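I have placed the structure first, in the form of structure tokens, so that the comments after it can refer back to it.
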Amino acid sequence: MPLNKNVVRIGAAVAATLVLAACGGGKIGESGGGGTAPNNKKLTLITGVKAEPFYISMRCGAEAEAKKSGYELSTQEPDKFEASLQSPIVTGVLSTKPAGVLIAPTDNKALAAPMKQLTGAGIRVVEVDTALEDRSVAQSSISSNNEQGGQLAAQTLAKLVGTGTGSVLVLNTKAGTSTTDARAKGFEAEIAKYPNLKYLGQQYTDNEPAIAAQRVSAALSANPDLVGVFATNLNSGEGAATSLRNANKQGAVKLVGFDASPKQVDDLRNGGVQALIAQDPATIGTKGVQQAIAAIEGKPVTRDIATDLVALTKEDMQSKSQYFYKQSC
Ligand code: T6T
């Protein structure tokens with residue numbers, strides 16, 4: 010089912026508007042632990058990786074909302090998108106006794122134990138972007154509808170290829186990343202509707218642009234009929250664009266990326282990438298803080314909130330520049 014519009018906006022509404030009383034039911038000051046101490050206005054954001062425009066934009070939204078609400082937000086970030094580096098950060102945050110933690114878990118299983126330590130100490134936990142498989146740990150999860158984003162990427166890529174035939178590749182990051190796994194899943198289901206396109210499966214990039222570039226050059230050698238690549242996130246997209254440019258395949262092999270970093274936006278403008286599925290990380294941060302505060306203050310919490318996803322092309326990108334990610338607040 011090809012797209013009949015260049016731009017499709019999905020997931021603007023709350024996906025599941027089930028409103029729950031704050032689970033754990035604790036009130037401020039109830040158990041004397043760090044998280045529940047009276048008048049504790051400390052929040053901590055733990056992102057997936059340091060100095061990356063998606064998380065910078067998320068932090069900007071979170072900081073502004075915290076300030077507006079009289080809370081103090083500090084941010085901690087691992088040097089790489091890796092559970093073994095993020096887990097000790099979570100454990101370290103425990104001793105700083107924030108009232109609430111917003112976290113983007115880098116692995117949908119490995120972060121469960123450290124995150125349970127937080128909730129065990131009475132700290133309210135909200136997932137921002139990525140999530141655990143175990144839905145009993147966080148009180149609220151805010152993210153794009155990533156499966157729909159993958160479907161949108163497949164529709165966009167199929168439209169770009171048009172009546173051509175050939176193979177298409179997906180670049181995922183690391184198995185166990187809830188967001189990119191959902192994007193790959195949505196893409197695979199949707200691309201099956203286009204008999205002119207042969208799905209080659211997904212390759213993992215370890216969330217490293219250099220590995221993404223290697224995967225694309227290997228795919229080009231092994232599949233001379235390669236007509237499309239879907240890069241499920243910022244780093245894989247940046248690496249794929251470099252590889253296609255070096256192989257003189259820019260534009261001949263259509264590249265659809267996810268995210269909208271300054272480099273990805275430049276690539277869209279200069280033809281290095283043909284479409285981007287942009288998220289709204291600032292709103293993920295804003296809503297994450299709102300839900301954490303609701304949980305801390307014993308107000309109703311929304312279990313799942315979906316934020317915007319927008320397809321950007323060279324033609325319409327300027328009118329959607331509010332979706333470009335930031336390098337600083
Ligand atoms: O795509 C985002 C984020 O949604 C994903 O979970 C991990 O990668 C990014 O941070 C971009 O690098």
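Take the sequence shown: its letter number 220 is residue 229 in the numbering used here, and every next letter is one higher.
Ideal Cβ placement from N, Cα and C applies to all residues, glycine included.
Keep in mind it's a predicted model, so treat the numbers as computed, not measured.
For residue j and residue i, the rounded distance between their alpha carbons
| i | j | result |
| --- | --- | --- |
| T174 | D275 | 28 Å |
| F239 | G158 | 11 Å |
| V58 | D88 | 6 Å |
| L120 | T186 | 11 Å |
| V262 | S252 | 11 Å |
| P47 | G307 | 12 Å |
| V134 | T165 | 35 Å |
| E295 | V225 | Note on residue identity: the sequence assigns Thr, not Glu, to residue 295. Going from the Cα of T295 to the Cα of V225 covers about 36 Å. |
| G33 | G195 | Because G33 carries a pLDDT of 32, less than 50, the predicted location of this residue cannot be relied on, and the following value inherits that uncertainty. Taking the straight line joining both Cα atoms gives about 33 Å. |
| A222 | K77 | 42 Å |
| D138 | G297 | 9 Å |
Beta-carbon proximity of residue i to residue j, cut-off 8 Å
| i | j | result |
| --- | --- | --- |
| Q211 | N181 | yes |
| A191 | N244 | no |
| I220 | A167 | no |
| I132 | V99 | no |
| I112 | T316 | no |
| A140 | P114 | yes |
| L169 | A284 | yes |
| F333 | N216 | no |
Reduced DSSP category for residue i - H, G, I as helix; E, B as strand; rest coil
| i | result |
| --- | --- |
| T186 | coil |
| N181 | strand |
| K263 | strand |
| V170 | helix |
| S337 | coil |
| G42 | Note that G42 scores a pLDDT of 43, beneath 50, so its modelled location is shaky and nothing firm can be said. |
| A284 | strand |
| L321 | strand |
| Y332 | helix |
| F90 | coil |
| S252 | helix |
| V146 | coil |
| Y64 | helix |
| R18 | Residue confidence is low: R18 scores 38 on pLDDT, short of 50, so the model does not pin down where it sits. No coordinate-derived value is stated. |
| V310 | strand |
| A73 | helix |
| I132 | coil |
Neighbourhood of residue i by C-beta, 7 Å cutoff - its chain only, sequence neighbours within 5 removed
| i | result |
| --- | --- |
| A250 | L264, D276, G281, V282 |
| L103 | Q126, L127, A130 |
| R254 | G281 |
| T241 | V179, L180, N181, T182, T189, R192, A193, F267 |
| Y203 | A167 |
| S153 | G20, Q288, A315, T316, L318 |
| L229 | L235, A256, K258 |
| K272 | E247 |
Cut-off 8 Å between Cβ atoms - residues of its own chain near residue i, not counting five sequence neighbours on either side
| i | result |
| --- | --- |
| V16 | Unreliable placement is indicated for V16, whose pLDDT of 37 sits below 50; no coordinate value is reported for it. |
| G79 | K50 |
| A231 | none |
| S40 | In this predicted model, S40 has a pLDDT of only 34, less than 50, meaning its place in the structure is not dependable; the value taken from the coordinates is given anyway. Closer than 8 Å at the Cβ level, and outside the excluded window around S40, lie G131. |
Sequence-distant residues of the same chain with beta carbon closer than 6 Å to residue i, five excluded per side
| i | result |
| --- | --- |
| K36 | Legend: pLDDT at K36 = 33, less than 50; position of this residue unreliable, value from coordinates given subsequently. Excluding positions up to five away in sequence, the list reads G307. |
| A122 | none |
TODO: Evaluate contact between the region 126-138 and the region 101-110, counting only Cβ atoms and requiring at least three cross-stretch pairs below 8 Å.
DONE: yes
Open item on the list: Quick test of the definition: if touching needs 3 or more C-beta pairs under 8 Å, does the region 265-273 touch the region 224-236?
Closed with: no
TODO: Mind the definition here: the region 62-71 touches the region 286-298 only if three or more C-beta pairs lie below 8 Å; say whether that holds.
DONE: yes
- [ ] Kindly confirm or deny that the region 83-103 and the region 134-145 touch, where touching means at least three C-beta pairs closer than 8 Å.
- [x] no
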